[in-house]
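One line per chain: the protein sequences are L and Z, in this order. The working numbering applies: residue 40 is where the first sequence begins, and numbers increase by one. The working numbering applies: residue 66 is where the second sequence begins, and numbers increase by one. Where is the CB? At the ideal position from N, CA and C, for every residue including glycine. This one's a predicted model, so the numbers in the text were calculated from it and none came from an experiment. See structure below.
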Amino acid sequence: GAGVSQSPSNKVTEKGKDVELRCDPISGHTALYWYRQSLGQGLEFLIYFQGNSAPDKSGLPSDRFSAERTGGSVSTLTIQRTQQEDSAVYLCASSLVVGSNQPQHFGDGTRLSIL
Amino acid sequence: GNSVTQMEGPVTLSEEAFLTINCTYTATGYPSLFWYVQYPGEGLQLLLKATKADDKGSNKGFEATYRKETTSFHLEKGSVQVSDSAVYFCALKGSSGGGADGLTFGKGTHLIIQP
């Protein structure tokens, strides 16, 4: 597609449930990034993929968070046993390649609300 | 680690006023610097970037110069319009690790332009 596509755009779920967020990057972009935007913490980097590989998972907030990417394209961010503090907007971005001067293009995000 | 500090908002200006939003950073090596903008109800968009010292990024009448001596990347515009009302984020991407880590963002500055 023309831009980074994320789904769902909004997700409301009960505490303790698992959720799966999806990101479809710009076609041909090999690097993919996940961020979280919340009122208290601002924009936080979570994890990135170079192809299907995630070299560093230390930015994930807890072991309830996991992410995968298959086929060098679509990525999913999974949150298990959701907690109220997981409520935030989850943003995905992609860039052509990994590199310090590469601009990242963002999707519109998934607004996650945990009741 | 890397960090970005930008002036607190909201910043309220009249139309056609001169705008400066300050941004300073802490990073090792030679980071790339970015300004992103988030218009109401929309996703993050890249506004401009600079990848080395003394570079000037510009777009839509906005400018920012990469000043290594003062570790700053202040955003300026000579004459703002109501349509510039948005949240502006300063960000850096480090050069360590091949630049593979995600963006480090400032907290964001909410700009309100009154007619």
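Is it buried or exposed, ILE177(Z), if we count other Cβ atoms within 10 angstroms and call 16 or more buried?
The residue labelled residue 177(Z) in the question sits at position 112 within the second sequence. Exposed, because fewer than 16 other Cβ atoms sit within 10 Å of the Cβ of ILE177(Z).
Considering only DSSP beta bridges, list what LYS158(Z) is partnered with.
Translated into the one-based positions of the second sequence, residue 158(Z) becomes position 93. Note: LYS158(Z) sits in a beta bridge opposite SER97(Z).
According to DSSP, is SER148(Z) part of a helix, a strand, or is it coil?
Position 83 of the second sequence, counted from the start, is the residue given in the question as residue 148(Z). Helix at SER148(Z).
Got a sec: is the Cβ-Cβ distance from THR116(Z) to anything in chain L below 7 angstroms?
The residue given as residue 116(Z) occupies position 51 in the second sequence. Interface residue, yes.
Under 8 angstroms between beta-carbons, which chain L residues line up against GLY173(Z)? List them in chain order, please.
Translated into the one-based positions of the second sequence, residue 173(Z) becomes position 108. GLY81 and LEU82, listed in chain order.
Within 7 angstroms of any Cβ in chain L, is that where the Cβ of PHE127(Z) sits?
Position 62 of the second sequence, counting from 1, holds the residue named residue 127(Z). For PHE127(Z), the answer is no, since every Cβ of chain L falls outside 7 angstroms of its Cβ.
Assign ARG120(L) to buried or exposed, taking buried as 16 or more other Cβ atoms, counted over all protein chains shown, within 10 Å of its Cβ.
Here residue 120(L) is taken as the residue at index 81 of the first sequence, counted from 1. Exposed: under 16 other Cβ atoms inside 10 Å.
Quick check on the DSSP output: what are the complete beta strand (DSSP E) runs of length 3 or more inside the segment 87 to 140 of chain Z, in order along the chain?
88 to 91, 97 to 103, 109 to 115, 121 to 124 and 127 to 130
Following the continuous beta strand (DSSP E) through LYS54(L), name the residue where it begins and the one where it ends.
Translated into the one-based positions of the first sequence, residue 54(L) becomes position 15. Run containing LYS54(L): none; DSSP gives neither H nor E here.
Work out the CA separation of ALA127(L) and LYS54(L) for me, nearest whole Å.
The residue you call residue 54(L) lines up with position 15 of the first sequence. The residue you call residue 127(L) lines up with position 88 of the first sequence. Distance between the alpha carbons of LYS54(L) and ALA127(L): 14 angstroms.
Quick one: list the residues of chain L neighbouring GLY108(Z), beta-carbon separation under 7 angstroms, in chain order.
Translated into positions along the second sequence, residue 108(Z) becomes position 43. Here the neighbours are PHE145, GLY146, ASP147 and GLY148.
Since THR149(L) sits in a beta bridge, which residues does DSSP pair it with?
If you number the first sequence from 1, residue 149(L) lands on position 110. Per DSSP, TYR129(L).
Which residues of chain L have a Cβ atom closer than 7 angstroms to the Cβ of LEU112(Z), listed in chain order?
Looking up residue 112(Z) in the second sequence gives position 47. The contacting residues do not exist; LEU112(Z) stays about 10 angstroms from chain L at best.
Measure the CB-CB distance between TYR153(Z) and THR174(Z) and report whether it falls below 7 angstroms.
For the purposes of this step, residue 153(Z) is taken as the residue at position 88 of the second sequence. For the purposes of this step, residue 174(Z) is taken as the residue at position 109 of the second sequence. Result yes, Cβ atoms of TYR153(Z) and THR174(Z) sit closer than 7 angstroms.
If you draw a straight line from the alpha carbon of ALA132(L) to that of SER79(Z), how long is it in whole angstroms?
The residue given as residue 132(L) occupies position 93 in the first sequence. The residue given as residue 79(Z) occupies position 14 in the second sequence. Roughly 33 angstroms between the two C-alpha positions.
Using a Cβ-Cβ cut-off of 7 angstroms, state whether PRO100(L) counts as contacting chain Z.
As a working note, residue 100(L) is residue 61 in the first sequence. Chain Z contact via Cβ: absent.
Short of 8 angstroms in beta carbon distance, which residues of its chain neighbour LEU109(Z), apart from the five on each side in sequence? Order them along the chain.
The residue labelled residue 109(Z) in the question sits at position 44 within the second sequence. Result list for LEU109(Z): TYR101, VAL102, GLN103 and PHE154, in chain order.
By Cβ distance below 8 angstroms, which residues in the same chain neighbour LYS50(L) in space, the five residues on each side in sequence not counted?
For the purposes of this step, residue 50(L) is taken as residue 11 along the first sequence, with counting starting at 1. These residues qualify, in order along the chain: VAL58, LEU60, THR149, ARG150, LEU151 and SER152.
I'd like to know if GLY74(Z) contacts chain L, where contact means its C-beta is closer than 7 angstroms to some C-beta of that chain.
Start at 1 with the first residue of the second sequence, and residue 74(Z) comes out as number 9. Taking Cβ atoms only, chain L never reaches closer than 7 angstroms to GLY74(Z), which makes this a no.
Are ASN67(Z) and HIS139(Z) closer than 7 angstroms when you measure CB to CB?
The sequence position of residue 67(Z) within the second sequence is 2, counting from 1. The sequence position of residue 139(Z) within the second sequence is 74, counting from 1. Against a cut-off of 7 angstroms, the Cβ pair of HIS139(Z) and ASN67(Z) comes out as no contact.
Do we get a CB-CB distance below 7 angstroms when we pair PHE170(Z) with the residues of chain L?
For this step, residue 170(Z) is matched to residue 105 along the second sequence. Yes, its Cβ sits closer than 7 angstroms to a Cβ of chain L.
Is there at least one Cβ from chain Z nearer than 7 angstroms to ASN49(L)'s Cβ?
Here residue 49(L) refers to the residue found at position 10 when the first sequence is read from its first residue. No, its Cβ sits nowhere closer than 7 angstroms to a Cβ of chain Z.
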